Each structure stands twice: as structure tokens, then as C-alpha cells.
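Participant:
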Amino acid sequence: MKQILNSLDAPTRRQFVERFAAASFGLSILPATQLAGGESANQKPATFRKAKNVIWLMLSGGLSHIDSLDPKKGKSKGPAAAIRTSADFQVTDFFPRFATIADRVCLIRSMEAKIGVHKPAQYFMRTAHEPRGTILHPNLGAWGSHYLGRSSKTLPSSVCINRRSDQGNGFFPSSYAPLAIGNPSQGINDVRSIGGKSQASKRLTLMNGLDADFRKKFNDKGVKAYNGFYNDALALMKSKELKAFDLSLEPEKQRTAYGDNPFGQGCLLARRLVASGVRFVEVKHDGWDHHKALADEMADVAPVFDQAFTTLITDLRERGMLDSTLVVVATEFGRKPDFDGDGRSHHPVCFSTVLAGGGAKAGFVYGKSDDRGFYVDENPVSVGSFHASIALATGMEIETPAISPSGRPMKVGDGEKPVQELFA
Amino acid sequence: MSVSPRTTSLCSLLLLLLVATTHSHADDSPDASRRIDAIIRVDLGKHKLPPNPPVGDIPFVRRVYLDVIGRIPTDGELANFMNDRRKDRRARLIDDLLKSPGHESHMFNWLADMLRVKDDYYRIGKTWTFHTWLKSQLHQNRPWDELVYDLLTAEGRLGENGATAYLLRDASMPLDSLSNTLTTFLGANVACAQCHDHPFAEWTQRDFYEMAAFFGSTAFDRVDTRKPAIKLRDDRFSKANLVTLLQPNMERVVFQQGRATEFPEDYAYSDAKPGQKVVPKFITWEGERRANVTTTHPRQLRNLFARWTTSPRNPRFAAAIANRMWKKLFGVAVKEPVTDLDVLDDATNPELLKFLAQVMIEVDFDLQEFQRIVLNTRTYQQQVSVTPPEGENFRFPGPLLRRMTAEQTWDSFVLLLRGPEIDEQKTDNAPLMTRLVFPFEFTHDRQGIEKDREKIFEFADSLLENEKGKKGKSGRSLFMKTTKRRKRDAWLRASELPQPTPPTHFLRIAGQSAREVADDGSTEGGITESLAMMNGEITKSLMTSSSLIQATSNKNTQVEQIALLYRTCLSRLPTEKETKQCLAALEQGLGMGDIAWALLNSREFMFIQ
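For the protein sequence lines, the chains are S and P, in the order given.
Counting along the first sequence from 1, when you hit position 309 you're at 309 in our numbering, and nothing is skipped either side.
Every number in our numbering is 1000 more than the matching position in the second sequence, counting from 1.
Shown next, in the form of C-alpha cells:
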């Protein structure tokens, strides 16, 4: 450990030690930029730090690029027709509303990954690392907390909607893990203490007193993490910003516009949360694993996404938040050009993603797949580069590695290069 | 323990073991337990590490209750143990707990995470027959090899044979199904080879397809019951009605002549051509002989695969389940992750892993017996260690300090609310499915089903005849009515609740798996969980109307009441200092419910010592 510390340059070493101390004793985390002291010599693009917030929409199951954002002719063509959009590219008619705001998005048609199994592929898409038995990797929300500090005094810096809080903090302290919202319409539950204020506070003091010996006896990572969760939960209970989680404060019209379903309401909640200071929000949307009856299943699920995404972009723009909010559409892999029966199977070597707002170019297509949609033809974008690009847009010092608890230097996007051309 | 007829290959060690197990108690616990201890001592010695001191009786009782029956002990159970003056009381307690209904419930949760047990499979419908089948296997303590063999070879309709649900789970993705089968039951890290040669391990895509070929003639394709339902529907029965009625009948696993596995169109290697028929071939591991494929009859290939998989001679089957069970009891496996046993020598203690596999074979895959041997080791009965720093191997000086699983937490809460009768309260929804099974043959394809309309409708009418007057049932609930859940049904053990519970349920917040992928339960915790622990509905009930609070009110003095709360929540007596702290809190206006709150929210409650 000492050797590793000595091999780092001074600000990094101090940063690591302070960070370690903060994580160990539950102190608030100082932003890395304040600790870093000297300026990095790296050139920063004009959009560096333009995106204050990230809304990451995760289409879980594997979005068929050919049937959505990268329509093909001939044998690969699916049940949907290609339609014109407000930009210089086409999408399929499963996404008619998307087509009307295509001039606001940056489409990437040359994503490349390697894992074709859902769980590890989702892990890979969220962390830019393959799952290993020896270490957990952080998602972009946790990297944000590392490089940029807490984004709000009382609200969490990272929230995930419609999923659990795993695939979150990785090797970083558990305080960087996202807060999980199981049902966006219910918002956050159990934030009111049982009984009166003074009763609750006395009870808490009693609990901490009675439990002190145990916490002292077991100097354990898991026990310490729990102390942190309780502290954060208590801070949240007192927060004036709690109403950000309450969708009932939105006008009925607005709620309907996003769609009366967990994904639509999740997108609306994401907008409320970033407006209140949450930096990174993931909204998960299930149901994209179309091995069979792809036509029917796309007809079920695509309109849900199409409506919520389009409303979100429009809403953010009308509120003047689109420039500072980077909306990401991600999925764990694409689907094969050839049909297997009436569905398509997993296809990680070529698929599509979307960036919108936060300094991303608008009405722009980056990369190209081959005629069938099987391989990337031009400008491949690895999942690591995708992450590095988003990280750079949000102002993370991606060249400075973080040190994992076992002393390994780790980089956001696994050290791959950001794609500068994605940003204006 | 009786010797089953399957036990044909008894070696001398097994004989020794059998002799030992007939009177196996604390001081003369099974030889296998002693051998496990010895292997660990040697390994600890090699690394100049001391074993942890023995664990005291009280933490031991709490630990073993949680590990074997998945909940904390009651005050009475704790007292029974302490009043037992026999020298072998620990071994006796282990035996009793392994035979109790709580153990079945706990094992069900463990398997449900591994096998992704859900109430509903996407567009396949209800799978309650599977839950009931699995629970009955656990009730009989069915040997693991037989249980897995049944899963892999199951045939017939979902409504009749619950075991078919294992393959139907991945009906539309046979390759994913195989990948899960190989990683779960054999620890073969093949997932990557589904699409290309594994970048680090030995597996090739060809290996993967050769294994898939064993399932080539098995049809477990999803039948989309919506289409026949549309064909059949009329004024009385809607599409949704009929989908529910057809699913237990049409979802099935069958042999299909003429089907075969082919290499995929994007097969990129020169040793086969895309579209070429794949000849089945068993994978093998370094240093092991490859098993022969002894049949060419497509009808028998799947059974052969299942025999090979579950054989004691399979180089990984016993090791995989032994490694998983060890993790269950010690908090970390001998080889992590449990889904990758490609190189046994990569285990933290390879000799231990190999011996555990041998023990598993020698007990004929009897999981209760295997657990009994492990629970009777000195190693298990030593004090816990804290999690070592990342990258450092844990060498088992004792078990790890672990957080309770979501199910253990919930089941302990429900115990405190309602008392130990919760272990006996079981739900069985399978009859709701089996009653829908047609007592006649019918045409399975979408076109032909119309010919059987009369028969099907007649049967449907007979189903509804006994339910006249029950108005207001529509859609799916016409045929698959669920009994109305009473309020108290909410406080059942996790194994008796919906699988999995909805995302906002306490169990899910505390880390219950969504059952989408295998081994996905989590004990990491988070802010939402802390909120639920402090302010949630179950905590509120515990503070007011629980059997815990009721029992306290029967005690005369505050000191006695505090002591009871401690015994019930933390399985121990309070120290003098703690009693004083509690008394002072009562002085300040707090009640017994508040003290219970403080104990249940403590780290001491959540972490298993």
C-alpha cells in the first residue's frame, strides 16, 4: 500500500488519503477538483463540464438497432418501415415521435461491445468493465461523486429508478451508491419517522448508544457502510428538497404527457430530480428482449419509450435545462440482422445509442454500421469511449485515475478515449 | 441415516462416515467434519494465521438458527437450548433444525435465487406448479443430483409437471438456458462462448454448440397462447380468459422428431460451416477424460446430458453445489465466483474444495447431510471474522460476519410479529393451475385448435359451474382466481409470499432478487433500506401490535421487560450498562416499542455473528 501511495504524485496521494479517511469516518466528501491542487495539462473541449446532470435511460433486454434507430433494407429489414425525421437521418416507424425531435439528438450507430448475456452485458454497459470475481466497478453516477463531489447537501447525488441500487458504487465507498426508487409514482417511501420528532430523536440516540460496542468490536466494511446509509437516510428525511420525489405535485397533464407507466413516470421523476440537484439519474425500462414475436412486442414497448423520451427532451428544452442535462439512451446490446423465427437474438458487436442535450451535437449521426447492420463500418465507439465521452462532458478529470482499495489505478471508461466529435 | 439403493460405489471412507454419522455428536462429530477442520488448519498454518476462538453458545444458537431455518430463535427456543445439559446439545440442535419446516422454507429462498423462481414467466403465465414441486423436493430432502436430473429431463405440460418450468423459463432462448445450466450446476464459465471463443478460458463457441446439441430435439419453444386464444374467443370467453386457460395446457416441453441444432449463421471459425448440423459432444476440463456420447438416438440425448451433468463422476457437479453450500454457511465460497470453477486450483484452498466435493459425493448429494457435516466442524463453530480487504484471500479462521439476507431479515421480523407458528403456514397455489389441465387430448397448433373448440368450451363450462353467482370475475381471473389476500397473509414467511415480491416490498428493498438473473440477491443495503427499517410499515407494526410487545407487557418490572426484548431481538441478555441506558430512555418518555425499534435498527441485529 505504502509503495503505491509513494508512486503517486503529491496531490493524488493526498487526495487518496483524504478520500480514504472521509470514506472511513463518514465525513462529507470534498470534490476531487478542490483536492487536485495543480491544473491538469490536458486540453479540455469547449463542452467540458457543460452537462451538469445526466439522465441515463436504460433499455433493458437489448434494443434491436435495426428495428429502431438504424433501419436497414433487404434481408435484415424488420416489420417496421423507415421514416423520415426532422434531421438528416431515418428511424423506423416504431418511433414516430422521436422522428419529430431527431434534430435535437446525437445518434451513435457504431456501438461495439462483446458480451451477449444480459446480466454481464448490463454490468458492462453500466460500468464499462466486464464483471470480475475480485472487484466491483462503479457506474457513471459514482464516478461523478468521486470527481465532482456531492451534487446536493441533502439529496443523493445518484438515483436509479425502476431498479435496485446494485451496479452502482463499485469499489468506491457505499455512500456513492445510487438511491433506488422501485415505483416512481410512489416516489420515496418511509421518509417520515414513526411518532413525534423528539421521540424519534431520542430513539435514535438510544440506538446509537446501545449499538456502540458492536460497531467498535467489528471494524467491518459492511457495518461501516450501514452507518453511512443511516446517516444519509436521516439527512434525507430532514431535507427540504424531498418534494422533488413527489410526482403528485406535477399537473395531471404533465403526468399524462410522459405516459402512465413506470418508465414514463420515471422520466418525469428524473427531470424533477435533476432540477433539484441530483446529478445522475438512471431510469430503467424493461421488455426489450425480443426473441419471439418481435413485431408484436415492439408494438407494445416502443410507444412507451417513444412517448416518454420525446416528452422528456421537449420538457427539458422548454425549461431551459436541455443544455445542462445530458440525456443518454443506452441498452446492453443490439439484436441480430437475421431473424430467428419471428424474433432476433442478442448481438453485441454492433448497436445504437443516443445522446441528447448537455453539449452533444444535435441532429447528428456518428458512426455507421454495414448494410446488414451486423458489423460497425465506420467510427466504432466502444462502451469505454462512450463512458469517457459522457464523463468528459460532465467535467470529470478522466485522465486522473482513482485508486481501488486494493491499490489498482482505475479510470472511467476503462481508460479509453472520449469521442470529441460527439459534442458541439 | 439409511443407505439408499443408489449407494453402490461405497469406498472405505464412506463406510467410516456412515459409522460416524449414526452417533455423531459434538465431541465425536463426523470424521468428515474433522477432516475439513484439519485441511483448514494446515492452510492457516501455512499462512501463519491463527484460527478464531470458539464461538460462545449464545451467538452460536442465533447463527445456526439463521443459517439453517432462516430466522432468529425465539426466547423459548433459546431457553430450551440453554436448559439442555447434554454434552452434544449443539449437534442435536443442528439435527433438529435441519429436519424442521423452517429449513425447507429457508432452502426454498436460496434455490429460488439460484433458479430464478418467479410466479409469472413472461407470456408463459403462472408457474405455481414449479414452486410446489420444488418445495416438495425439499420436504423429501431429495438428493441434489436427482433434483437437477428431473429439472433437466422434465417433459409434459406446465400445469401437470412443475419441473418443466426450469426449461420453460428460457423457452425462447435455448442457448441462454444452456449457459445458465452449465454455469449454475457445473460452474462452467461458458457464457462468452455462446457467441465466440472465450477470450480467457478454454471454452470455444464450438464447445458451446456441441453441448447445445443435446437439447436439439427438445422443443420448449414458447407457444404464444394469444394467437389460439384469438381464434377461439367468442361472446362468453374473451382472449384474456382463454390465454389463462390455455397456458397450463399449451406450455410444455416435448421431444420433437427431426429438430436439430445447427451452427449459427455468424459462426466465424473454420472448423464448421454456418447452418451445419452440430454433433453433440461433452465438454471436459483440463486433466479430465472426456465422456463419450453413448447414444445416437435423438430421443435419449437430453437424458444422457442430464446423466452426465449429475453424475458423481462429472468433474464439477459435486464441487459446484458443495462450493455454493459452503458460501451459504461461511459468507464466501472456497472458489469465487461460484459460477466459475474452470480451474479448481484457483480456489483459495483447492484441497478444501476438492474434499468438499468428495464429501458431497459420499453423502449421495444429500444436502441436509452435507450441511450437517459442515455445521459440525470446529471451523463453523468458531467466532466470525470481518471482511478482509479487497484482493486478500479469506482462509476460513471461522465464518465471515455477514449481513442477514433480505429473507432472513423479513422472516425474523415476521417471527417477532406473529411467533414461531409462521414456520408452519404454507401457501400452495398449484391447484389453481392443475384444475385447468384438460382431461383430453387436443390439437396444439394454432390452426388445429379450432377443431377442439367444443371440448375445450365444455370443459371451461364445467370449471365455472361450481362457481355460479361469483360475479365480477373477468379477464385472467375468470379461470385463475386467486383467493383474496387477507391482511394477515401479508405477514407470511418470504417463501410463502409472491415470488418475487413487488419492487417496493420490504423484501425487495432489502435485496431480494428480482429473479431475472441467477444469484442476484444482495446484502449490500442502501438508503431506501435504512428508511424502511426505521420508518416502514413492518417496523411500525412491530412497535405496536406485535407478539413481541404483547409478551413484554406480561412481565412485571421494566428490567424484566428490557431483558425480554433483548433476548427476543438480539438473542442475549442486556449488560448492566445497557439496562441502565434503556431505563434512562424510559424515564425520558420512550416506551418499550422504542427500545424494540433501537434494537431492531442496530447493526448487531442485522449482522450475523
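Glycine included, every Cβ here is placed at the ideal spot set by N, Cα and C.
Please read all numbers here as calculations on a predicted model, not as lab measurements.
Go through the region 1188-1248 of chain P residue by residue and report every complete run of the alpha helix (DSSP H) that reaches 4 residues or more, in order.
Facilitator: If we require 4 residues or more, the alpha helix (DSSP H) runs fully inside the region 1188-1248 of chain P come out as 1205-1212, 1226-1232.
Participant: How is residue 7 of chain S classed by DSSP in three states: helix, strand or coil?
Facilitator: In this predicted model, residue 7 of chain S has a pLDDT of only 41, less than 50, meaning its place in the structure is not dependable enough to derive any value.
Participant: Once DSSP output is grouped into helix, strand and coil, what is the label at residue 1262 of chain P?
Facilitator: DSSP places residue 1262 of chain P in strand when its eight states are reduced to three.
Participant: Under a Cβ-count criterion, where at least 16 other Cβ atoms within 10 Å of its own Cβ denotes burial, should residue 1076 of chain P be classed as buried or exposed?
Facilitator: Label assigned to residue 1076 of chain P: exposed.
Participant: When the cut-off is 8 Å and only beta carbons count, does residue 66 of chain S lie next to chain P?
Facilitator: No, no contact with chain P.
Participant: Which residue or residues does DSSP assign as beta-bridge partners of residue 1489 of chain P?
Facilitator: Answer by DSSP bridge pairing: none, since residue 1489 of chain P is not bridged.
Participant: Drop a sphere of 10 angstroms on the beta-carbon of residue 40 of chain S, count the other beta-carbons inside from all chains shown, and report buried for 16 or more, exposed for fewer.
Facilitator: Unreliable placement is indicated for residue 40 of chain S, whose pLDDT of 42 sits below 50; no coordinate value is reported for it.
Participant: Please confirm if the region 307-316 of chain S is in contact with the region 69-80 of chain S, defined as three or more CB-CB distances below 8 Å between the two stretches.
Facilitator: They do not touch, by the three-pair rule.
Participant: Whose Cβ in chain S lies nearer than 8 Å to the Cβ of residue 1588 of chain P?
Facilitator: Within chain S, the residues near residue 1588 of chain P are 202.
Participant: Can you look up residue 112 of chain S in the DSSP assignment and give me helix, strand or coil?
Facilitator: Residue 112 of chain S falls in the strand class under three-state DSSP.
Participant: Just how far apart, CA to CA, sit residue 270 of chain S and residue 159 of chain S?
Facilitator: One C-alpha to the other measures close to 8 Å.
Participant: Name the DSSP bridge partner or partners of residue 368 of chain S?
Facilitator: Answer by DSSP bridge pairing, in chain order: S:378.
Participant: Is the region 85-103 of chain S close to the region 390-397 of chain S, with three or more CB pairs under 8 Å?
Facilitator: Not touching, per the Cβ criterion.
Participant: Using a C-beta to C-beta distance shorter than 9 Å, which residues of chain B count as neighbours of residue 1142 of chain P?
Facilitator: Here the protein chains are S and P, and chain B is not one of them.
Participant: Does DSSP put residue 352 of chain S in a helix, in a strand, or in coil?
Facilitator: Residue state, collapsed to three classes: strand.
Participant: Would you check if there are 3 or more beta carbon pairs closer than 8 Å linking the region 1055-1064 of chain P to the region 1544-1554 of chain P?
Facilitator: Counting Cβ pairs under 8 Å, fewer than three are found: no touch.
Participant: Quick check on this structure: which residue in P:1577, P:1606, P:1416, P:1184 has the alpha carbon closest to the alpha carbon of residue 206 of chain S?
Facilitator: Out of P:1577, P:1606, P:1416, P:1184, P:1577 has the C-alpha closest to the C-alpha of residue 206 of chain S.
Participant: Ignore the nearest five residues each way along the sequence and tell me which others in residue 1312 of chain P's own chain have a CB closer than 6 Å to its CB.
Facilitator: These residues qualify, in order along the chain: 1361.
Participant: Does any residue of chain S have a CB that is nearer than 8 Å to the CB of residue 1601 of chain P?
Facilitator: So, interface residue.
Participant: I want to verify the contact list: residues of chain S whose CB lies under 8 Å from the CB of residue 1597 of chain P, in sequence order.
Facilitator: Going along chain S in sequence order, the residues near residue 1597 of chain P (Cβ under 8 Å) are 194, 203, 207.
Participant: Note down the Cα distance separating residue 1155 of chain P from residue 1442 of chain P, rounded to an integer number of angstroms.
Facilitator: Their Cα atoms are separated by approximately 17 Å.
Participant: DSSP beta-bridge partners for residue 327 of chain S?
Facilitator: Paired residues: S:55, S:356.
Participant: How would you list, in chain order, the residues of chain S whose beta-carbon sits under 7 Å from the beta-carbon of residue 1191 of chain P?
Facilitator: 117, 120, listed in chain order.
Participant: Check whether the region 1396-1404 of chain P and the region 1051-1058 of chain P are in contact - that is, three or more C-beta pairs closer than 8 Å.
Facilitator: Yes, since at least three Cβ pairs between the region 1396-1404 of chain P and the region 1051-1058 of chain P fall closer than 8 Å, the two stretches touch.
Participant: Thinking C-alpha only, which one of P:1237, P:1243, P:1220, P:1219 is nearest residue 1228 of chain P?
Facilitator: Comparing Cα positions, the closest option is P:1243.
Participant: With residue 997 of chain P and residue 1248 of chain P assumed to form a contact (beta carbons below 8 Å), what rounded beta-carbon distance in angstroms separates them?
Facilitator: Nothing can be reported for residue 997 of chain P, as the shown portion of chain P is limited to 1001 through 1609.
Participant: According to DSSP, is residue 181 of chain S helix, strand or coil?
Facilitator: Strand at residue 181 of chain S.
Participant: Would you mind telling me which residues of chain P sit closer than 7 Å to residue 327 of chain S, beta carbon to beta carbon, in chain order?
Facilitator: The contacting residues do not exist; residue 327 of chain S stays about 23 Å from chain P at best.
Participant: For residue 264 of chain S and residue 1240 of chain P, what's the separation of their Cα atoms in angstroms?
Facilitator: The straight-line gap from Cα to Cα measures roughly 25 Å.
Participant: For residue 1536 of chain P, return the contacting residues in chain S, with the cut-off set at a CB-CB distance below 7 Å.
Facilitator: Under the 7 Å cutoff, chain S gives 190.
Participant: Sorted by chain position, which residues of the same chain lie with C-beta nearer than 7 Å to residue 169 of chain S's C-beta, five sequence neighbours on each side aside?
Facilitator: 138, 142, 176, 177, listed in sequence order.
Participant: Rounded to whole angstroms, what is the Cα-Cα separation between residue 1540 of chain P and residue 1055 of chain P?
Facilitator: So the alpha carbons of these two residues sit roughly 34 Å apart.
Participant: Can you check which of these residues, P:1225, P:1211, P:1536, is closest to residue 1303 of chain P by C-alpha distance?
Facilitator: If we check each option's Cα against that of residue 1303 of chain P, P:1211 comes out closest.
Participant: Under 8 Å between the Cβ atoms of residue 325 of chain S and residue 102 of chain S?
Facilitator: Result no, Cβ atoms of residue 325 of chain S and residue 102 of chain S do not sit closer than 8 Å.
Participant: Determine, using beta carbons only, whether residue 1562 of chain P comes closer than 8 Å to chain S.
Facilitator: By this cut-off, residue 1562 of chain P is not an interface position.
Participant: Within this structure, are the beta carbons of residue 1058 of chain P and residue 1572 of chain P separated by less than 8 Å?
Facilitator: Cβ atoms of residue 1058 of chain P and residue 1572 of chain P: closer than 8 Å.
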